[in-house]
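Residue numbers (the working numbering): 573 to 1159.
Where is the CB? At the ideal position from N, CA and C, for every residue including glycine.
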Amino acid sequence: MAERKKYKGFKPEWEQVPPPPGTFRSILKWGNQKEFKEPNERLFTLMKQTFHLTDDDFKQKKKLGLEKVPEVIPTNISPDAQVYFEEVCGKDAVSISGYDRLSAAYGKTMFDLYRLREDIIENIPDIVLYPENQEQIEKIVGYCSKIKLPIYVYGGGSSVTRGFEAVKGGVCLDLSRHFTKVVNFNETDQTITVEAGMSGPKLEDILNNAPEKLGATRAYTCGHFPQSFEYSSVGGWVVTRGAGQNSTYYGNIHAIVMGQTYVTPTGIIKSYGLPAHAVGPEIDEIMMGSEGSFGVLTHVTLKLHRLTKKNRRYFSFIFRDWQSARDAAREIMQCEAGFPSVFRLSDPEETDVMLKLYGIEGTVIEKIMNFAGFKPHARCIFLGWTEGEKGFAKNLYTKVRKICKRFGGLYITGFATHKWEAGRFSDPYMRESLQDYGIIIDTMECCVTWSMMGHVHEEVRKFAKSRPDTICMTHLSHAYPQGANLYFIFIGKFKNKEEYVDYQFGIFDNILRTGASMSHHHGVGKMTAAWVEQSIGTRRLDIFRALKKHFDPDDIMNPGGTLGLDMPEDQRRRLRYYNRTWDNPAY
573 MAERKKYKGF KPEWEQVPPP PGTFRSILKW GNQKEFKEPN ERLFTLMKQT
623 FHLTDDDFKQ KKKLGLEKVP EVIPTNISPD AQVYFEEVCG KDAVSISGYD
673 RLSAAYGKTM FDLYRLREDI IENIPDIVLY PENQEQIEKI VGYCSKIKLP
723 IYVYGGGSSV TRGFEAVKGG VCLDLSRHFT KVVNFNETDQ TITVEAGMSG
773 PKLEDILNNA PEKLGATRAY TCGHFPQSFE YSSVGGWVVT RGAGQNSTYY
823 GNIHAIVMGQ TYVTPTGIIK SYGLPAHAVG PEIDEIMMGS EGSFGVLTHV
873 TLKLHRLTKK NRRYFSFIFR DWQSARDAAR EIMQCEAGFP SVFRLSDPEE
923 TDVMLKLYGI EGTVIEKIMN FAGFKPHARC IFLGWTEGEK GFAKNLYTKV
973 RKICKRFGGL YITGFATHKW EAGRFSDPYM RESLQDYGII IDTMECCVTW
1023 SMMGHVHEEV RKFAKSRPDT ICMTHLSHAY PQGANLYFIF IGKFKNKEEY
1073 VDYQFGIFDN ILRTGASMSH HHGVGKMTAA WVEQSIGTRR LDIFRALKKH
1123 FDPDDIMNPG GTLGLDMPED QRRRLRYYNR TWDNPAY
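Set out below in structure tokens:
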């Protein structure tokens, strides 16, 4: 259980008790049932001021979702199908319990959490299976194809796009319980092949301790660390085309994957598993990002890196404004000296919040900033680290410092970066604490070029801030020589899930209107499906449709709108929110 921080004034009763087993809250809770995170007093004070709240508003919690999930929920699975699945997987690996089915239906979008708090049960699979080998998965897919039974796949459950929600019922394959083994380790090629249900922590533990666990000569890392790292799966990383927080150095998942195997209704698909080839289009690229709509990803071969954590060089800088900070970031990425590993630049509003969150506000570091003329509401914090071979890490660190200084950056030690690192995987725990009082924190992200970054940032923030009393923070991360990811984080007091979804959809529309990508690394799922065709164009979507028809002619793989395919009518939202602001809803 997390240590409770001291407040000088009134402190709300932030949740610190594990949710009762079998309840809706035990499903909605992020991560470890015994771990919690609460805002520090500075952040709490900021939220009160921004949302015009008093201490009294934090004395009564909203609906907490403490009711028990019904053990019996009607299922449409036939007795014959259930018997078949039990014969294939074993009775212990088959479940029709209400709790198991609901647990495998919802991910971690705020919409999911709202529904769980309100005891809403919808779009759940009729049965959950826990296969332990590919042969079982092949039999399941073959049988489901024969009787036209929908199939959904659950990995770590951390989707923020309603990625595996069972809109049409059917079967959910939960790969997290048994399908988590190492299949092959090749130190000569520096690769590892694992089953798709393997979790991030299990993979890194095996690689970091490769001499003991794999008989290797040294320790390794995969290099993929999304914020959901502790509760996401390798398969989930791949099918959503994910990116980790260290992707500026190690690359997104598509740069790490070297081979894949899928079980589809029309047969087994296996990619080359070679460093490169020129034999037609790359199957790995075709299958990555398919989000379970073409088939079940069973095995992944990953490229490995030598573990060089000991060579890290941490840095933190403060810049006078967003423009000079972005200019420095672009020069670092284009100067041909190599790329830092963590690379995170916050805009002025996020910087103000981060200084509170990291405990820098009110310290000697802030006094130095103020004295040097780095003004609140204008200054921008940039943090990260270099790693790799010792000489490379040192040289790049020196280069980063020189570039930041040239663009007016003030070095403020590595303190802020260490504070960020300490909470990099734990920040999602704060969401439940805030939502208990009706405060929502959520994120959207997109990819932009350097030349369009300023316009996208300005326009999306214009809509985000058109809603009164809303915090909108933005940071640049996952950088490239040609551009970067822009990550928008908003915090607001919302009345209900309808108001939240209305606001979220408005942000999506404005991202699309500015020409940015609809997603950089979260995937599409069913949440943003209505924008896919406008985002990529009809001709490209037609390619997805053709692939879908080839791999899954009967539409049994993750049906219900994934990737903008087979969308139900209520999901066909067009550009309702274009040119719309919160205070002037013009359609």
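Own chain residues within Cβ distance below 7 Å of M770, not counting five before or after: On the sequence shown, position 198 is the one that residue 770 refers to. Excluding the 5 residues flanking it on each side, M770 has same chain C-beta neighbours closer than 7 Å at T752, S805, V806, in chain order.
CA nearest to the CA of G729, picked from L685, N705, K740: Here residue 729 corresponds to residue number 157 of the sequence shown, with the count starting at 1. Nearest C-alpha to G729: L685.
Tell me whether H624 is buried or exposed, calling it buried when 16 or more other Cβ atoms sit within 10 Å of its Cβ. Taking the sequence shown and counting its residues from 1, the one referred to as residue 624 is at position 52. With a threshold of 16 other beta carbon atoms within 10 Å, H624 falls short and is exposed.
Would you list the one or two residues that DSSP bridges to M1016? Here residue 1016 refers to the residue found at position 444 of the sequence shown. Per the DSSP secondary-structure output, M1016 pairs in a beta bridge with F1060.
If you count every other CB in all the chains shown that lies within 10 Å of the CB of Q832, and 16 or more means buried, which is it? Working through the sequence shown from its first residue, we reach residue 832 at position 260. That one is buried.
So, with DSSP's three-state summary, where would you put F1116? The count along the sequence shown starts at 1 and reaches residue 1116 at position 544. It is helical.
Integer-rounded CB distance, given that I1063 should sit under 8 Å from T1015: Within the sequence shown, numbered from 1, the residue matching residue 1015 stands at position 443. Within the sequence shown, numbered from 1, the residue matching residue 1063 stands at position 491. In fact, because the Cβ distance is near 10 Å, the residues do not count as touching under 8 Å.
Please report the straight-line C-alpha distance between G945 and C976, rounded to a whole angstrom. Start at 1 with the first residue of the sequence shown, and residue 945 comes out as number 373. Start at 1 with the first residue of the sequence shown, and residue 976 comes out as number 404. Distance from the CA of G945 to the CA of C976, rounded to the nearest whole angstrom, comes to 16 Å.
Would you mind stating whether F596 and E639 have Cβ atoms separated by less than 8 Å? Residue 596 sits at position 24 when you count from the first residue of the sequence shown. Residue 639 sits at position 67 when you count from the first residue of the sequence shown. Yes; because the gap between Cβ atoms is below 8 Å, this pair is in contact.
First and last residue of the uninterrupted beta strand (DSSP E) at M546: The chain is shown from 573 up to 1159; residue 546 falls before or after that span and cannot be answered.
DSSP-derived helix/strand/coil call for R902: Along the sequence shown, read from residue 1 onward, the residue named residue 902 stands at position 330. Of the three classes helix, strand and coil, the one that applies to R902 here is helix, per DSSP.
Inside the segment 920 to 952 only - alpha helix (DSSP H) runs reaching at least 4 residues: Listed in chain order, they are 920 to 929, 936 to 943.
Could you name the residues of the same chain whose beta carbon sits closer than 6 Å to that of A1088, not counting the 5 residues immediately before and after it, in chain order? Within the sequence shown, the letter at position 516 stands for residue 1088. Short of 6 Å from the beta carbon of A1088, and not among the five residues preceding or following it, lie these beta carbons of its own chain, in chain order: C1018, V1020, V1028.
Report all residues from its chain with a CB closer than 7 Å to the CB of K842; omit the five preceding and five following residues, and keep chain order. Locating residue 842 in the sequence shown gives position 270, counting from the first residue. Here the set comprises T833.
Please classify G795 as buried or exposed, where buried requires at least 16 neighbouring CB atoms within 10 angstroms. As a first step, residue 795 is located in the sequence shown; it is residue number 223 there, counting from the start. Its Cβ being crowded by 16 or more others within 10 Å, G795 is buried.
Kindly indicate the opening and closing residues of the alpha helix (DSSP H) around F657. For this step, residue 657 is matched to residue 85 along the sequence shown. Taken as a continuous stretch (DSSP letters only), the alpha helix (DSSP H) holding F657 covers 651 to 661.
Would you mind working out which of W894, S888, V810, I693 sits nearest T870, comparing C-alpha positions? Taking the first residue of the sequence shown as 1, we reach residue 870 at position 298. For T870, the closest alpha carbon among the candidates W894, S888, V810, I693 is that of V810.
Can you grab the Cα-Cα spacing for the pair H877 / T760, in whole Å? Position 305 of the sequence shown holds residue 877. Position 188 of the sequence shown holds residue 760. Spanning the two alpha carbons is a distance of roughly 12 Å.
Within this structure, are the beta carbons of G981 and F915 separated by less than 8 Å? Your numbering for residue 981 matches position 409 in the sequence shown. Your numbering for residue 915 matches position 343 in the sequence shown. Their beta carbons are not under 8 Å apart, which means G981 does not touch F915 by this criterion.
Taking P584 as the reference, give the member of P912, S731, T617 with the closest Cα. In the sequence shown, the residue the question calls residue 584 occupies position 12. If you compare the alpha carbons of P912, S731, T617 with that of P584, the shortest gap goes to T617.
So, using beta-carbon positions, are L1058 and V1104 closer together than 8 Å? Taking the sequence shown and counting its residues from 1, one reaches residue 1058 at position 486. Taking the sequence shown and counting its residues from 1, one reaches residue 1104 at position 532. Between L1058 and V1104, the C-beta gap is not smaller than 8 Å, which leaves the two residues out of contact.
How would you label T789, buried or exposed, when you count the other beta carbons within 10 angstroms and need 16 or more for buried? Taking the first residue of the sequence shown as position 1, residue 789 is located at position 217. When all chains shown are included, T789 counts as exposed.
Given a cut-off of 8 Å on the beta-carbon distance, is the pair G742 and M1129 in contact? Against the sequence shown, residue 742 aligns to sequence position 170. Against the sequence shown, residue 1129 aligns to sequence position 557. Contact check for G742 against M1129 fails: the beta carbons are separated by 8 Å or more.
Alpha carbon of A791 to alpha carbon of E784, nearest angstrom: Stepping through the sequence shown from its first residue, residue 791 is reached at position 219. Stepping through the sequence shown from its first residue, residue 784 is reached at position 212. A791 and E784 have their C-alpha atoms some 9 Å from each other.
With distances taken from CA atoms, which of D1074, L779, K971, H949 is nearest L874? Position 302 of the sequence shown holds residue 874. In terms of CA proximity to L874, L779 leads the group D1074, L779, K971, H949.
Compare the Cα-Cα distances from P697 to each of Q708, C661, N648 and report the closest residue. Residue numbering aside, residue 697 sits at position 125 when the sequence shown is read from its first letter. Sorting Q708, C661, N648 by C-alpha distance to the C-alpha of P697 places N648 at the top.
Beta-carbon proximity check, P1125 vs P722, cutoff 8 Å: Reading the sequence shown from its first residue, position 553 is the one you call residue 1125. Reading the sequence shown from its first residue, position 150 is the one you call residue 722. For the pair P1125 and P722, the CB atoms are not nearer than the 8 Å cut-off.
Looking at the structure shown, is H1122 part of a helix, part of a strand, or coil, going by DSSP? Numbered from 1 along the sequence shown, position 550 holds the residue referred to as residue 1122. In the displayed model, H1122 falls within a helix according to three-state DSSP.
Which residues bound the beta strand (DSSP E) around Y834? Looking up residue 834 in the sequence shown gives position 262. Counting along the chain, the unbroken beta strand (DSSP E) around Y834 starts and ends at 829 to 836.
Relative to the C-alpha of M859, which residue among R884, G808, L879, M619 is closest? Translated into the one-based positions of the sequence shown, residue 859 becomes position 287. Of the listed residues, the one whose Cα sits closest to M859 is G808.
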